[in-house]
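This report concerns only the one structure given below.
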Amino acid sequence: MNKQQKVIQQLSDKQIYHHVLLTQLILIVIAVVLGIFLFQDFQSFLTVLKLDFFVVLIGVVAGLLVVTIDIWLMKALPKHYYDDGGVNKKLFSSLSPAKIAFLTLCIAISEEVLFRGVIHTNSGIVVASFVFAFVHFRYFAHWFLALNILILSFFIGGIYEWTESLWATIILHFIVDCILGLYLLKLSRHNKREEGESHETRSI
Numbered sequence: 005m006n007k008q009q010k011v012i013q014q015l016s017d018k019q020i021y022h023h024v025l026l027t028q029l030i031l032i033v034i035a036v037v038l039g040i041f042l043f044q045d046f047q048s049f050l051t052v053l054k055l056d057f058f059v060v061l062i063g064v065v066a067g068l069l070v071v072t073i074d075i076w077l078m079k080a081l082p083k084h085y086y087d088d089g090g091v092n093k094k095l096f097s098s099l100s101p102a103k104i105a106f107l108t109l110c111i112a113i114s115e116e117v118l119f120r121g122v123i124h125t126n127s128g129i130v131v132a133s134f135v136f137a138f139v140h141f142r143y144f145a146h147w148f149l150a151l152n153i154l155i156l157s158f159f160i161g162g163i164y165e166w167t168e169s170l171w172a173t174i175i176l177h178f179i180v181d182c183i184l185g186l187y188l189l190k191l192s193r194h195n196k197r198e199e200g201e202s203h204e205t206r207s208i
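Have a look at this one:
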């Protein structure tokens, strides 16, 4: 167990949940501060919030595509390829489906407003994608996760440039995080059930 994993194991489920929420609040504050300096006025920012059927469709389809590929890779590759230090597993396995939906919605909104709405709009896809990947530095512990988050960041950036709408990336981001969070919750419950059955078998 490495140092990061030891720190994570010492935190309670509630502490991790509150820490993630606090992180999203900080990102929103940063987005507001940067937005004040980078946009001429609030009306300029509102131009990236166009919403129509095409935007929703692209966001949903792109999100489901990413989730499908990710779950397939999680099943096909060795488990350590997706080892982020235990953060995602510990976080999502302790939450109810409703809390997972709420938390992932907060994450999708805060991160997309900052990285796509503010940084990408003013500095371009390359800068925004690398900053997005760098903020998720815990994935740098394994080359595959680092490559995965970088490719995903450029993909989301590409969707943003195609649709010219922040709603498309918020929907995409929410679908990916929410479904993968629910998937990790399902795996956790399944593993606990198997462990319980195994314990009962040994006790007979």
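Heads up: the sequence shown begins at 5 in the numbering used here, then just goes up one per residue.
Heads up, the beta-carbon is just placed ideally off N, CA and C, and yes, glycines get one too.
Quick caveat: nothing in here was measured; it's all calculated off a predicted structure.
Quick one: grab the DSSP three-state call for Pro101.
Taking the sequence shown and counting its residues from 1, the one referred to as residue 101 is at position 97. Helix at Pro101.
Of the choices Phe43, Leu26 and Leu61, whose alpha-carbon is the least far from that of Asn126?
Translated into the one-based positions of the sequence shown, residue 126 becomes position 122. Considering only alpha carbons, the answer is Phe43.
For Leu31, which residues of its own chain have a beta-carbon under 7 Å away from its beta-carbon, when the five flanking residues on both sides are left out?
Residue numbering aside, residue 31 sits at position 27 when the sequence shown is read from its first letter. So the list reads Ser114, Glu115 and Leu118, once near-sequence residues are dropped.
So, helix, strand or coil for Gln44, using DSSP?
Locating residue 44 in the sequence shown gives position 40, counting from the first residue. Of the three classes helix, strand and coil, the one that applies to Gln44 here is coil, per DSSP.
Classify Phe96 as buried or exposed, calling it buried when 16 or more other Cβ atoms lie within 10 Å of its own Cβ.
The residue labelled residue 96 in the question sits at position 92 within the sequence shown. Classification for Phe96: buried.
Do Ile123 and His140 have their C-beta atoms within less than 7 Å of each other?
On the sequence shown, position 119 is the one that residue 123 refers to. On the sequence shown, position 136 is the one that residue 140 refers to. Not a contact, by the Cβ cut-off of 7 Å.
Say whether the segment 78–89 touches the segment 98–107, bearing in mind that this needs 3 or more beta-carbon pairs closer than 8 Å, one atom from each stretch.
These segments do not touch.
Assess contact between the segment 19–39 and the segment 145–159, defined as three or more Cβ pairs (one per stretch) separated by less than 8 Å. Is contact present?
Because the criterion of three Cβ pairs below 8 Å is not met, the segment 19–39 and the segment 145–159 do not touch.
Hey, would you say Gly1 sits closer than 7 Å to Ile175, going by beta carbons?
No statement about residue 1 is possible, as the shown extent of the chain runs from 5 to 208 and does not include it.
For Phe178 and Ala112, I'd like the C-alpha separation in whole angstroms.
Mapped onto the sequence shown, residue 178 falls at position 174. Mapped onto the sequence shown, residue 112 falls at position 108. Those two C-alpha atoms are separated by around 5 Å.
Quick check on His22: does DSSP put it in helix, strand or coil?
For the purposes of this step, residue 22 is identified with residue 18 of the sequence shown, where counting begins at 1. The answer is helix: DSSP assigns His22 an H, G or I state.
If you drop the 5 nearest sequence neighbours on each side, which residues of the same chain put their C-beta closer than 6 Å to that of Gly67?
Residue numbering aside, residue 67 sits at position 63 when the sequence shown is read from its first letter. Answer for Gly67: Leu176, Ile179 and Val180, listed in chain order.
What three-state label does DSSP hand Leu186 in the structure shown?
The residue given as residue 186 occupies position 182 in the sequence shown. Leu186 falls in the helix class under three-state DSSP.
Consult DSSP for Glu115 and reduce its assignment to one of helix, strand or coil.
Here residue 115 refers to the residue found at position 111 when the sequence shown is read from its first residue. Three-state DSSP puts Glu115 in a helix.
Sort Leu29, Lys54 and Arg197 by Cα distance to Thr173 and report the nearest one.
Locating residue 173 in the sequence shown gives position 169, where the first residue counts as 1. Of the listed residues, the one whose Cα sits closest to Thr173 is Lys54.
For the alpha helix (DSSP H) that contains Leu74, what are its first and last residues?
In the sequence shown, residue 74 corresponds to position 70, counting from 1. Here the sequence assigns Asp to residue 74, which means Leu is not the residue at that position. That run of the alpha helix (DSSP H) goes Phe57 to Ala80.
Is it buried or exposed for Lys94, if we count other Cβ within 10 angstroms and need 16 for buried?
In the sequence shown, residue 94 corresponds to position 90, counting from 1. By the 10 Å Cβ count, Lys94 comes out buried.
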